[in-house]
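Enquirer: In our numbering, the protein residues as written are 201 to 380.
Ideal placement from N, C-alpha and C gives every residue a C-beta, glycine not left out.
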Amino acid sequence: MSDSLLPELVDPFRLADKSRVLEGVLDMAAMPRLAVAMGEPARGLCRVALTFDRGPSGRPRLAGHVVAELAPLCQRCLEPMRLPVDSRFEMRLVQEDRQAAGALDEEDLLVVGDERLNLAALVEDELMLCLPVVPLHPAQTCAAHFRSEFNDRELKAAQKQENNPFAVLGRLKGGQDADS
Numbered sequence: 201m202s203d204s205l206l207p208e209l210v211d212p213f214r215l216a217d218k219s220r221v222l223e224g225v226l227d228m229a230a231m232p233r234l235a236v237a238m239g240e241p242a243r244g245l246c247r248v249a250l251t252f253d254r255g256p257s258g259r260p261r262l263a264g265h266v267v268a269e270l271a272p273l274c275q276r277c278l279e280p281m282r283l284p285v286d287s288r289f290e291m292r293l294v295q296e297d298r299q300a301a302g303a304l305d306e307e308d309l310l311v312v313g314d315e316r317l318n319l320a321a322l323v324e325d326e327l328m329l330c331l332p333v334v335p336l337h338p339a340q341t342c343a344a345h346f347r348s349e350f351n352d353r354e355l356k357a358a359q360k361q362e363n364n365p366f367a368v369l370g371r372l373k374g375g376q377d378a379d380s
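(1) With distance defined between alpha-carbon atoms, name the residue in Ala271, Phe289, Gln275 and Met291 nearest to arginine 282.
(2) Please state the DSSP three-state secondary structure of glycine 244.
(3) Does the Cβ of proline 207 have 16 or more other Cβ atoms within 10 Å, making it buried, or fewer, making it exposed?
(4) Using only alpha-carbon positions, find the residue among Pro280, Leu226 and Glu223 that is nearest to proline 338.
(5) Could you tell me the distance, in whole angstroms, from the CA atom of valine 266 to the CA atom of glutamine 275?
(6) Counting C-beta neighbours from all protein chains within 10 Å, is the total for proline 335 16 or more, i.e. buried, or is it exposed?
(7) Under 8 Å, do leucine 205 and leucine 317 count as touching if we go by C-beta distance?
(8) Would you report the Cα separation of valine 312 and glutamine 295, rounded to the nearest angstrom?
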């Protein structure tokens with residue numbers, strides 16, 4: 201894949217008519233919905249390859265490949281976790297909702313309308329679909345595992361050292377008995 205920046209907006213139907221391939225990178229920092237979904241701003245670039253063409257039926261379609269490394273917050277320890285993404289997708293392009301009525305159930309549709317297609321929004325959607333519902337580090341590598349292990353040891357040590365809360369009263373009473 202190329203390292204050039206992809207254009208922000210494209211005419212997908214014209215690209216499909218010409219069987220064009222777009223390859224490049226997108227800055228994930230410009231993907232605000234992805235930042236919200238991950239719990240912190242996305243950093244870095246994602247590599248993207250998009251193939252616009254007309255399928256065997258003659259209908260415009262888009263095939264894509266996105267490679268990125270995301271860092272959603274682990275919901276166990278609230279630390280960023282490494283999540284490599286290598287996703288391929290394919291969808292049929294339609295201009296109106298009514299064109300979608302004849303679509304097969306297994307076809308993903310992208311209703312573009314008469315507008316141009318925002319590539320960053322398309323890739324952002326795909327990256328968000330790759331996020332797990334509840335991102336978690338593997339249990340043995342999660343910081344929460346080490347914290348809870350440490351807290352358990354610390355708690356047991358504190359319980360051994362902890363004095364009876366009434367021991368102070370006992371010492372005071374013992375001191376009064378000595379004075380009398």
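Expert: Put simply:
(1) Closest option to arginine 282, Cα to Cα, is Ala271.
(2) coil
(3) exposed
(4) Pro280
(5) 25 Å
(6) Proline 335 is buried by the Cβ-count criterion.
(7) Not closer than 8 Å, so no.
(8) Cα-Cα distance, rounded: 5 Å.
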